[in-house]
Structures are given as C-alpha cells and as structure tokens.
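Enquirer: This is the structure I want to talk about, given as structure tokens.
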C-alpha cells in the first residue's frame, strides 16, 4: 500500500508538517499549527498516527497539543501538568515520548509527567525530583530542562531521561526511584579533577539503538559517547569527528551500529557548522569511524546550528534522514544521508524534527 | 443553598478576554457575563465553562501568570481582589510576554 511521510517540525512560532509520498522527492508544507506557540517537541504515535506537541507560551504557560487527524485540527491540555503550590511553576514542555501505552512529558524546570489517557491529563512522576542530587542540579544555557525521554522498548518500568545540566538518569521501577548514569562522560566546565562527576553533565541528546536496548548513544556538551550497558558506563566516540560539541543525535531505524550526528564548531565560537560548511556525520560501526555527508548541503557561508531535538530518521528503506536549522531551514535525505535537499525554508527557528510514516 | 441560589447571591460581573486566549477554546467569546465574589472565583467560573482556561490564566504557585494582567475597574488585580456588582474585569496579555 502507498505510504506518505510526514516531517513533524516544532519551531519557535508554531508546529509545521512537511509531507511527501514514499519517494520523498517532492514536499508540501502545512502550518503553522498550535496557535503559533513555541513548540519544543512534536512527535507522533506510529501506530495510531496521533500527533503530540509539547510547548510553552509566555502568556499562557505549558501544554501538550494533540491532533488525531494528521494536523487538520488540534486540541491542547495541561490538566495535572503542574508542581505543588509554592514551587517554581512549569514554564514549558520540552520533550514528549510514548512508550508502553503511556505518554511522557519532560518539562522546565526539569521534571517528568506521565499521561495514561492520550494526553488529556497528566501525573507528576515525583521520584525524579525527589532524587537526593536535585538540590545540586544546575541549569544549562537554555535552562534546567528535561529534554530527552527514552522509554525502554520492551520493559515499561524502564526509562532514561536526559536533563541539562543534571545528566542522564534511569529508572527501573516506573519512576519511583532513579539513579544517575553518567560514568565516563565529561564535564569540562568543572575544575580539573572534577571532570567526571556522578551527575551534573550537560547531556544534549540521548537515543537508544534499535533492537539493542542496552546500547545508547549520547551527544553531550562535552563529547559524544556510546554505552553498551544501559548507560552505566560511557565510552567516547569522538575520534574522527570535527569537534566535541553538538546538539542532536539520530539513530537508524533498523541498524543499531548506525548513528547520525551534527557536530558544531564549539560552544564559544558561534555554535555554527564547522568552517561554514554543513555536514551530517554518520557512523556504521557504532562510532569507530565516521563519514562526513555533504552532498547537497551548503559548503560555504553556512552559519547555522541545529538544536538538540532537530534531527531524525524515518522508518522507510532506505532510511530518510532529516534535520532543521535554527535559521528555519529543513533538509532531507532519502538515501540514508548520501544526498540532501532543502525541503522547506524561511520557517521560524526549528526546535525539533521527528517523522511519521502512514498509509496514504 | 442550591448552586443557582448561591450564584444569585454573588455579584454579577463582566469579564473581557483577549483574543489570543479566546482562540484557544472553541465556542469561547470575548465578553463573558458571570457571577463571582473575587477575581479567583471569576476565573473558576470561566474554567467551569471552558475547561482548562484556569491553567491559561493562572499558574501553580498559585497566582495570575507572570505575563498576564488582570484589571478590575482599571486597577491591577490579584486572585484575591473582591468584586462589586457590575465590576468590569479585563484579562490582558502583558507586553512582557512578547
């Protein structure tokens, strides 16, 4: 049966959907949706096709938006999406993920919520903020934000989260108790001798390998890493990459050894693509070696960055790869990154890119 | 006292809502007549008609959201501000919110 591919784009001013058939050669843009709110992460349930968008509006606060008709109409809810009276209120939803029949939301200031009614109401998973490390959590440059949500594909009690800048935390009991899992990742912004703390790293993006739930990859403010034991230990996969700094990471839909990164030139030198030349970097061997993918990407005077949730793959074969820039340009590849095309531009700054494949 | 009798004892007021807020709730209107003793009660009454509206005007401290202004009779108000019969309540999006 014919398929169509939707690129779900969260931006500073609304959500957008860019749609094509399975050939992925001609794209049509729809939007803006969600009342032009800042939409930090827009995802879809691949089984039902329901689209969820987490965001936050300076006037009206945080909410999760939802569409059950591929973006034609939207509703929003923040029922239960709140901390106790007296605590600093939630400013925005920064990440949304579905797993084991539930929907999760990560928020700012960092915390975790779960919905068991498809986003209508939310319950605070308080165990995370009750972790004894919490008084020492420091914000990253963009705030104290839970931006990465990785449910275990088979065990509904397991979940990994990434917080800037508290690090990676894991639960095995549905969120009642948590442990930091940051051994081996650096915090270069701490004094010498303190650069490998138990927590406090500025993780930027955490992803899980398909079919191998003990393998995780991480793009950190200070390096790129792989774990083979569920995040208990991390090994650097930086050799061969042009820098140690970047934001997004995207796994291949089927190959656990293939990962896509988009290193930037550094945290103090503009956070642009290195040397004004855009490239996505791909490994086919779990980070042992890297290939720069530039065909169709600008190779001069490119001064954009790509933010932590703004790169994704689709589940077709060959896999599509997509990324959106903080200058509002969306690039797509239909051949696993070998060649690229610009499929949308002049959008607001892009915060997130995800995909949905549905029957046409 | 039955609910309708209780509401009759409350002062009738009129609330004006900003377009950006009205647009978030299908069927909502800019000018709403209701009965409430305080600004907080008026917001509760709005929420009863359009579930979820309280969360758009108030945060969890609890208080009026930082970038929302509520005026009663032209004076800046809080959730505790008491309302006289015929009070005009204006909910406005603050310029500080963009």
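Residue numbers (this note's numbering), protein chains in the order written: chain A, 42 to 401; chain B, 24 to 121. All residues carry an ideal CB built from backbone N, CA and C; glycine is no exception.
(1) Any chance the segment 167-184 of chain A sits against the segment 337-345 of chain A, with 3 or more Cβ pairs inside 8 Å?
(2) Just the Cα atoms here: how many angstroms apart are residue 41 (chain B) and residue 109 (chain B)?
(3) At which residues does the beta strand (DSSP E) containing residue 44 (chain B) begin and terminate?
(4) Is it the case that the Cβ atoms of residue 51 (chain A) and residue 94 (chain A) are separated by a distance below 8 Å?
(5) Taking CB distances under 8 Å as the criterion, tell me whether residue 102 (chain A) reaches chain B.
(6) Using a Cβ-Cβ distance under 8 Å, would residue 124 (chain A) count as near chain B?
(7) Please confirm whether residue 127 (chain A) has its beta-carbon closer than 8 Å to some beta-carbon of chain B.
(8) Hey, out of A:174, A:70, A:226, A:255, whose CA is closest to residue 245 (chain A)'s CA?
(9) Ends of the alpha helix (DSSP H) at residue 66 (chain B)?
(10) Excluding five sequence neighbours on each side, which residues of the same chain lie with their C-beta closer than 7 Å to the C-beta of residue 120 (chain B)?
(11) Applying the criterion that 16 or more other CB atoms from any shown protein chain within 10 Å of the CB defines a buried residue, is residue 209 (chain A) buried or exposed?
(12) Below 8 Å between beta carbons: does that hold for residue 200 (chain A) and residue 194 (chain A)?
(13) Helix or strand or just coil, what does DSSP make of residue 317 (chain A)?
(14) Using the beta-carbon count (16 or more within 10 Å), is residue 79 (chain B) buried or exposed?
(15) Which parts of the segment 311-363 of chain A are runs of the beta strand (DSSP E), unbroken and 3 residues or longer, counting only runs that do not cross its ends?
(16) Grab the span of the alpha helix (DSSP H) containing residue 76 (chain B) for me, first residue to last.
(17) Could you list the residues in the segment 43-69 of chain B with a C-beta less than 8 Å from some C-beta on chain A, going in chain order?
(18) Chain A beta carbons: is any one of them nearer than 8 Å to that of residue 112 (chain B)?
(19) Taking beta-carbon pairs under 9 Å, can you tell me which members of the segment 84-114 of chain B lie near chain A?
(20) Runs of 3 residues minimum, wholly inside the segment 181-268 of chain A: which ones carry the beta strand (DSSP E) assignment?
(21) Could you tell me the distance, in whole angstroms, from the CA atom of residue 267 (chain A) to the CA atom of residue 54 (chain A)?
(22) Please report the straight-line C-alpha distance between residue 8 (chain A) and residue 224 (chain A), rounded to a whole angstrom.
(23) Which residues mark the beginning and the end of the beta strand (DSSP E) in which residue 400 (chain A) is found?
(24) Would DSSP call residue 24 (chain B) helix, strand or coil?
(25) Taking a Cβ distance cut-off of 7 Å, strictly less, list which residues of the segment 68-100 of chain A are near chain B, in chain order.
(26) With distances taken Cα to Cα, identify the nearest neighbour of residue 311 (chain A) among A:152, A:287, A:128, A:171.
(27) Can the beta-carbon of residue 49 (chain A) be found closer than 8 Å to that of residue 396 (chain A)?
(28) From the DSSP output, in three-state form, read off residue 177 (chain A) for me.
(29) By the DSSP assignment, the beta strand (DSSP E) with residue 408 (chain A) in it spans what residues?
(30) Just how far apart, CA to CA, sit residue 377 (chain A) and residue 359 (chain A)?
(31) Just the C-alpha distance for residue 114 (chain B) and residue 86 (chain B), rounded to the nearest angstrom, thanks.
(32) Among the candidates A:371, A:362, A:156, A:385, whose CA atom is the shortest distance from the CA of residue 141 (chain A)?
(33) Comparing C-alpha positions only, which one of B:68, B:46, B:83, B:112 sits nearest to residue 97 (chain B)?
(34) Counting only beta-carbon separations shorter than 8 Å, does residue 39 (chain B) have a partner in chain A?
(35) Using beta carbons (cut-off 8 Å, strictly below), is residue 72 (chain B) in contact with chain A?
(36) Does residue 365 (chain A) come out as helix, strand or coil in the three-state DSSP assignment?
Expert: Looking at the atomic coordinates:
(1) no
(2) 20 Å
(3) Residue 44 (chain B) -> not in any beta strand (DSSP E); alpha helix (DSSP H) instead, spanning 42-45.
(4) Against a cut-off of 8 Å, the Cβ pair of residue 94 (chain A) and residue 51 (chain A) comes out as a contact.
(5) yes
(6) yes
(7) yes
(8) A:226
(9) 62-72 is the extent of the alpha helix (DSSP H) around residue 66 (chain B).
(10) 90
(11) buried
(12) no
(13) Here residue 317 (chain A) sits in helix by DSSP.
(14) buried
(15) 321-324, 332-334, 352-354
(16) 76-80
(17) Correct list: 43, 44, 46, 47.
(18) no
(19) Those residues of the segment 84-114 of chain B that come within reach of chain A (Cβ to Cβ, closer than 9 Å) are 84, 85, 86, 88, 89, 90, 91.
(20) Within the segment 181-268 of chain A, the complete beta strand (DSSP E) runs of at least 3 residues are 186-192, 200-205, 208-212, 244-250, 253-261, 264-268.
(21) 34 Å
(22) Residue 8 (chain A) is absent from the model: chain A starts at 42 and stops at 401.
(23) Per DSSP, residue 400 (chain A) belongs to the beta strand (DSSP E) from 391-400.
(24) Because residue 24 (chain B) carries a pLDDT of 46, less than 50, the predicted location of this residue cannot be relied on, and the following value inherits that uncertainty. Residue 24 (chain B): coil per DSSP, three-state reduction.
(25) 76, 99, 100
(26) A:287
(27) In contact: residue 49 (chain A) and residue 396 (chain A) (Cβ atoms closer than 8 Å).
(28) helix
(29) Chain A is shown only over 42 to 401; residue 408 (chain A) falls outside these bounds and no answer can be derived.
(30) 6 Å
(31) 14 Å
(32) A:156
(33) B:112
(34) Judged by the 8 Å Cβ criterion, residue 39 (chain B) is not in contact with chain A.
(35) no
(36) strand
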